[in-house]
Structure formats: C-alpha cells, structure tokens
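Residue numbering for the sequence shown is 1 to 543, as defined by full-length UniProt numbering.
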Amino acid sequence: MLMEEGYAWSAAVWINDHILELGLTAFYSLCILTIFAVINKRFLLKKRQEDKEKPTELPQESNGRKLCRIESSVDHLHKYGGSIGAYVLLLNSKVYLNPNMVKNALVYLTNRHEILRIKISRKKTKIQGNKKIIKEFKAMENSDFAEFLLKLKATTSDQWLSVFERELMKQFPEEGPLWRFVMLKEQFHPKEGVYSNAFVFSAHHLVCDFESGFNFFSDFLDYLNSSIQDSSLSKPDFDVKFPLQLSFSHLLGNCMSMSQPLIAVTAAKVFVMKMIEKIRPKPTYKNPFTSTFHPTITKNPTIQKKTCLIPRSLTKEETLNLIKLCKANKCTVYGAVSAATTIAMATILRKGKSTAPLIITSSFQVDLRKDCNPKVEPQELGHYSMNCSVNVPLAKDITLPLGVNDASFWLLAQECDRIFHTAITNNDHLNSMKLMTNLNINPLRNLGELAKDQEAAGRQASLFHLSNLGKKSIVNSDAINLEGFYFALAEHNIGPVFSNNIASVNGVLYWGFTYFTNVTTESQAVEYADLVMNCIKGNSVKH
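Pasting the structure below:
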C-alpha cells in the first residue's frame with residue numbers, strides 16, 4: 001500500500017499541471033482539502049464502504065430490482081425530457097404486412113425480453129433526515145399489454161420523419177410501458193410491385209441503448225420473415241428468453257475500483273471544481289458554438305424545443321470506397337468519420353469568426369457489453385454504454401474545409417484514432433461512473449440549472465456527439481428488403497450542439513444528423529451535415 005505522503009504528492013503533481021487554470025483561491029483550497037483528506041482517510045474509506053452498492057441476484061425472472069446510481073442518473077435525464085431514444089426501420093416488401101402479424105411480433109419480443117415488461121417506480125422517502133427518491137424496476141401489473149401497444153398511423157410511410165420527431169417529444173407514463181411502437185400506413189408502388197413500410201420504435205434509454213434498438217428491429221424483422229414464409233422460426237436461439245439483468249454498477253463492478261490515494265485526491269479535485277463553478281461566470285458549461293452563434297431561443301424565447309433529424313446515407317459503392325481509403329491510409333472508419341465531423345464544426349466556427357482556439361471538444365459512445373460480468377449477450381436489450389469526452393486540437397494554419405482527397409485529412413483521422421484509443425485505454429469513459437460509485441458524486445447534478453439557462457440553451461461542453469454502431473447486418477428475404485435505419489436521442493433540453501448517429505447496415509452507411517430548434521437553425525444544421533458528407537465523399541466545397 002502507498003504511504004501517506006502519496007496523497008500529498010499526487011495532489012502536488014495535479015496542482016502543478018493546473019495552477020494557471022485554478023488561480024490562488026482554488027490553489028489554497030486544494031491544499032487545505034488535500035491535508036484534510038489525508039487526516040480523514042479512514043473516514044473516506046468507511047463512507048465508500050457504506051455507499052458501495054450491494055449486488056442484486058436475479059438469475060431467473062423476477063418482479064424487479066433497485067436502480068443503481070448510474071441507471072438512476074440516466075433516468076434523471078428523463079425528468080428533463082431526455083433519455084428517450086427513437087428508431088425507424090424502413091422496408092420494401094413484396095407482400096402486404098398485416099397489422100396482426102406486427103402485433104404478434106411485438107408479443108413475441110415482449111415475452112422474449114423481460115425488460116420490455118417493466119416500469120420504473122419512483123418513491124420519495126427520507127434517509128437520515130434527507131429527502132431521497134428510491135427508484136426500482138418493477139413488473140407491470142398487466143403483462144398482456146403488447147397486443148394493444150401497436151399504434152397505427154394514417155400518416156403514410158414517406159412521412160416517417162414527422163412521426164419519428166414527435167416520438168422524441170413524448171415521455172413515458174409512470175405505469176409503463178417504457179416503450180412505444182408505431183406502424184405507418186404502407187404505400188403501394190404498382191410499377192415496382194412493392195409496398196413501402198415504415199416502423200417507428202421509441203424507448204426509455206434504460207430499456208434500449210442504441211445497440212439494443214438495432215437488436216430489437218433485427219429480431220422484429222426475423223419474426224416477420226418467418227411469418228411470411230409460414231415456417232417455424234428458423235433461428236436456433238428464437239426460443240431463448242432474457243430475464244432482467246443485474247444493475248449496471250454490478251455488471252461493471254470489476255471496472256469501478258479506485259485506489260485509496262486516488263479517492264482522496266479525487267475528492268479534493270471535486271471540491272475545488274465545485275468552488276470554481278460558483279465563481280465562474282454563468283453558464284457553467286462554456287460552449288464555443290453558443291458563444292459564437294447565440295442560440296435561437298435567445299432570439300425567440302417562445303420557440304418549441306425539439307430534436308430534429310436530418311437523414312443522410314452513403315451508397316454501397318461510396319461506403320466501400322471509404323473503407324478502402326481508410327485501409328490505404330492506416331486508420332479506422334471511426335477515425336475518418338471523427339475527422340469529418342471535427343472539420344465540419346471547425347469550418348462553421350471559423351466562419352462565425354470564433355475567437356476560441358481550434359480545440360474541438362466532442363463525445364463518443366462506448367459499448368461496455370464485453371466488459372460486463374456476468375456476460376451480457378449481444379442480443380440482450382438494456383443500457384450498457386457510456387459516453388466519453390475528448391479534445392481534438394487543430395493547427396492554427398489548417399486549411400478548411402478538408403476532404404478524403406487531402407493528405408491533411410488523413411493525418412487528422414489518424415490523430416483522432418490515437419486520441420480515442422488513448423481515452424478508452426485510460427478508461428476515461430468510466431470516470432463519471434467511478435465518481436458515482438466510489439464518492440457518491442453525481443456529475444449530472446447541475447442539469448436543471450443548465451436546462452433553464454437560455455444563454456447556454458442546455459448545451460454542455462461537447463460541440464457534437466458521435467455514436468457509431470459499426471458494421472451490422474439484417475437478413476433480407478425474397479419478400480422483404482431493408483431500405484433504411486436511423487436512430488436518435490432526445491437532447492433538445494440537455495446535450496451537445498449536434499449529434500451524429502451512424503450504422504453501416506448491409507453495406508450501406510446510414511447517418512442521422514440531429515440538431516435542436518432551441519440551439520440552431522435548420523439551415524445551419526443542413527450546412528453542417530453537408531460539410532460532413534462532402535468531406536467523407538471527397539466532394540470539393542467552397543466555403
């Protein structure tokens with residue numbers, strides 16, 4: 001075990017790295033608190049032990065369980081209109097898809113996944129004189145709701161975008177369920193002899209993260225194909241059922257540990273940061289975009305806050321070309337995508353004559369299924385991902401915009417790869433979870449203030465977010481073919497400036513850009529989307 005001096009030394013190193021940022025007030029505060037932390041080491045460790053969450057054993061189907069702090073914080077976002085995910089599946093079918101067939105598919109999925117049959121119970125209580133809300137997953141009273149859940153819309157399938165965006169505005173009822181499903185009116189094309197179909201699925205983010213949303217539709221389509229063929233369900237695991245999983249904190253328990261010196265120093269850091277937040281000018285999160293382009297809500301306070309989607313895609317040929325270019329330039333598709341989104345944002349900021357340094361702060365999603373213990377199967381639904389923030393610096397003399405035909409683009413793509421790899425290797429995506437688990441500190445504690453601040457428009461430090469599901473496949477059949485898949489998270493109250501949600505399905509790259517009406521205009525969002533796509537496709541752009 002490290003000696004007591006290790007606390008002071010670790011703090012001294014951190015102070016030396018950040019002294020210019022902290023100032024004298026924070027400097028003295030950190031020194032005092034570090035000494036306090038050393039003296040009270042036993043108290044801190046005891047508190048950590050008391051706050052450590054007990055695992056909930058759920059080997060078989062159950063009536064529910066308590067939400068861990070991480071899950072509770074995700075649900076906390078729902079209070080502000082967040083944690084609502086929407087997914088759309090676009091199909092072409094040679095046969096009419098009967099609503100009864102769709103209802104049967106939903107019943108099958110609800111029986112297969114226990115998490116689709118739960119609600120969140122939120123009870124106010126007092127613990128040692130402090131008001132607290134205890135949250136639990138509980139089974140719904142009516143377990144046969146699925147056949148009545150399907151909503152049939154008179155809206156035709158080509159108007160799916162309006163339905164998709166409306167779903168992102170609707171919170172889920174206290175009594176459950178925590179998901180919805182809409183079937184739009186099909187359109188028949190006599191010349192081709194096919195029907196166009198659109199299905200919109202929305203769910204609480206604890207029920208389905210983005211990976212789970214794709215898995216939901218993959219199973220849904222498998223069921224439809226089997227029903228059309230009038231055969232027994234062909235997948236060998238179709239009869240497998242998934243009970244409610246253990247809490248996220250328990251599944252990742254092996255990743256949550258912190259050394260004793262680190263706990264003390266982290267407590268000191270957090271205390272100082274709280275002091276800095278109090279003396280900083282508001283808003284707490286200073287965002288270069290909202291500082292350069294005043295949010296639309298400051299000009300029109302009555303504007304409806306809304307998450308909007310701009311759907312784009314690359315053809316199979318364009319996607320294959322991008323993959324070839326990435327291999328030739330020794331970087332991943334993720335690196336290329338990140339470089340394109342970074343370049344687009346920097347181009348817009350420079351156009352707006354931003355005085356901020358060209359350091360682009362963004363976040364990306366990390367899937368943690370492979371780190372869970374016990375193992376979480378790939379097709380299980382639930383929330384098993386976290387976000388990670390990174391900073392990508394750009395040279396002052398960089399020529400913007402760039403594209404895949406420029407050597408400078410690939411240097412940036414390689415740098416993005418390196419930055420992301422380093423962040424994941426250092427487990428940066430687990431930092432907020434460690435704060436909640438070891439020190440009972442909630443990084444989302446200021447969300448209410450941020451959501452109400454019109455100057456900030458609910459924007460955190462991230463200029464954009466990137467969720468890339470990677471290479472996926474959905475089984476096409478003679479009767480049904482995939483025509484599109486898009487997904488998004490409601491972030492109009494709290495979130496980044498833009499979000500990029502990507503999945504390469506059956507060789508086609510589907511890219512959903514989301515923007516928020518209280519933050520920016522549609523024309524500026526389209527400009528951002530065009531810059532990214534032109535960058536990826538290698539189209540020349542005059543800006």
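Built from N, CA and C at the ideal position, the CB exists for glycine as well.
Opposing strand residues paired with residue i [DSSP bridges]
{"i": "glycine 64", "result": "Lys138"}
{"i": "alanine 203", "result": "Gly85, Trp179"}
{"i": "asparagine 501", "result": "Ser467, Gly512"}
{"i": "threonine 307", "result": "Phe516"}
{"i": "isoleucine 133", "result": "Lys124"}
{"i": "histidine 421", "result": "None, per the DSSP bridge assignment."}
{"i": "serine 227", "result": "DSSP lists no partner for serine 227."}
{"i": "arginine 459", "result": "Gly495"}
{"i": "glutamine 187", "result": "Ser196"}
{"i": "serine 363", "result": "Ser389, His465"}
{"i": "asparagine 98", "result": "The partner list for asparagine 98 (beta bridge, DSSP) is empty, contrary to what the question assumes."}
Local conformation of residue i per DSSP, three classes
{"i": "cysteine 535", "result": "helix"}
{"i": "asparagine 481", "result": "strand"}
{"i": "threonine 517", "result": "coil"}
{"i": "serine 313", "result": "strand"}
{"i": "leucine 368", "result": "coil"}
{"i": "asparagine 214", "result": "The amino acid at residue 214 is misidentified as asparagine; the sequence shows phenylalanine. Reduced to three states, the DSSP call for phenylalanine 214 is helix."}
{"i": "alanine 413", "result": "helix"}
{"i": "alanine 490", "result": "coil"}
{"i": "asparagine 197", "result": "strand"}
{"i": "lysine 472", "result": "strand"}
{"i": "leucine 402", "result": "coil"}
{"i": "phenylalanine 242", "result": "strand"}
{"i": "phenylalanine 145", "result": "coil"}
{"i": "asparagine 427", "result": "coil"}
{"i": "phenylalanine 172", "result": "coil"}
{"i": "asparagine 373", "result": "coil"}
{"i": "proline 236", "result": "Any reading at proline 236 is ruled out, since the residue's pLDDT is 44, under 50, leaving its predicted position unreliable."}
{"i": "leucine 252", "result": "coil"}
Own chain, CB closer than 7 Å to residue i, minus 5 neighbours either side, in chain order
{"i": "serine 143", "result": "Arg117"}
{"i": "residue 588", "result": "No answer is possible for residue 588: it lies beyond the span of the chain, which begins at 1 and ends at 543."}
{"i": "asparagine 493", "result": "Tyr80, Gly81, Gly82, Lys305, Ala451, Gly458"}
{"i": "aspartate 367", "result": "Glu211, Tyr384, Ser385"}
{"i": "valine 526", "result": "Ile310"}
Where the beta strand (DSSP E) through residue i begins and ends
{"i": "serine 389", "result": "385-393"}
{"i": "leucine 152", "result": "150-156"}
Cutoff 6 Å; reference residue i; Cβ partners in own chain excluding five residues on either side
{"i": "isoleucine 84", "result": "Leu168, Ala490"}
{"i": "glycine 538", "result": "Gly403, Val404, Asn405"}
{"i": "arginine 112", "result": "Lys241"}
{"i": "glutamine 454", "result": "Ile297, Thr298"}
{"i": "leucine 233", "result": "Any answer about leucine 233 is weak, because its pLDDT of 47 lies below 50 and its placement is not dependable; what the coordinates show is given next. Ser226, listed in sequence order."}
{"i": "asparagine 391", "result": "Ile359, Thr361"}
{"i": "cysteine 331", "result": "Ala413, Gln414, Asp417"}
{"i": "serine 162", "result": "none"}
{"i": "alanine 146", "result": "Leu106, Val107, Thr110"}
Sub-8 Å separation of residue i and residue j beta-carbons
{"i": "cysteine 416", "j": "serine 499", "result": "no"}
{"i": "leucine 466", "j": "serine 385", "result": "no"}
{"i": "threonine 307", "j": "threonine 156", "result": "no"}
{"i": "lysine 119", "j": "lysine 138", "result": "yes"}
{"i": "residue 544", "j": "leucine 224", "result": "Residue 544 lies beyond the residue range present for the chain, which begins at 1 and ends at 543; the question has no answer from this structure."}
{"i": "leucine 482", "j": "valine 505", "result": "yes"}
{"i": "alanine 344", "j": "leucine 531", "result": "yes"}
{"i": "asparagine 92", "j": "serine 196", "result": "yes"}
{"i": "leucine 150", "j": "lysine 103", "result": "yes"}
{"i": "leucine 89", "j": "phenylalanine 217", "result": "yes"}
{"i": "arginine 369", "j": "alanine 529", "result": "no"}
{"i": "alanine 203", "j": "tryptophan 179", "result": "yes"}
{"i": "threonine 290", "j": "alanine 456", "result": "yes"}
{"i": "glutamate 71", "j": "phenylalanine 248", "result": "yes"}
Residue i: first and last residue of the uninterrupted alpha helix (DSSP H) it sits in
{"i": "lysine 299", "result": "296-299"}
{"i": "histidine 76", "result": "69-78"}
{"i": "serine 338", "result": "333-351"}
{"i": "proline 288", "result": "288-292"}
Proximal residues to residue i (C-beta, below 8 Å), its chain only, five neighbours per side dropped
{"i": "proline 301", "result": "Gln454"}
{"i": "residue 577", "result": "No answer is possible for residue 577: the residues shown for the chain start at 1 and end at 543."}
{"i": "lysine 131", "result": "Lys124, Thr125"}
{"i": "isoleucine 398", "result": "Ala346, Leu358, Ser408"}
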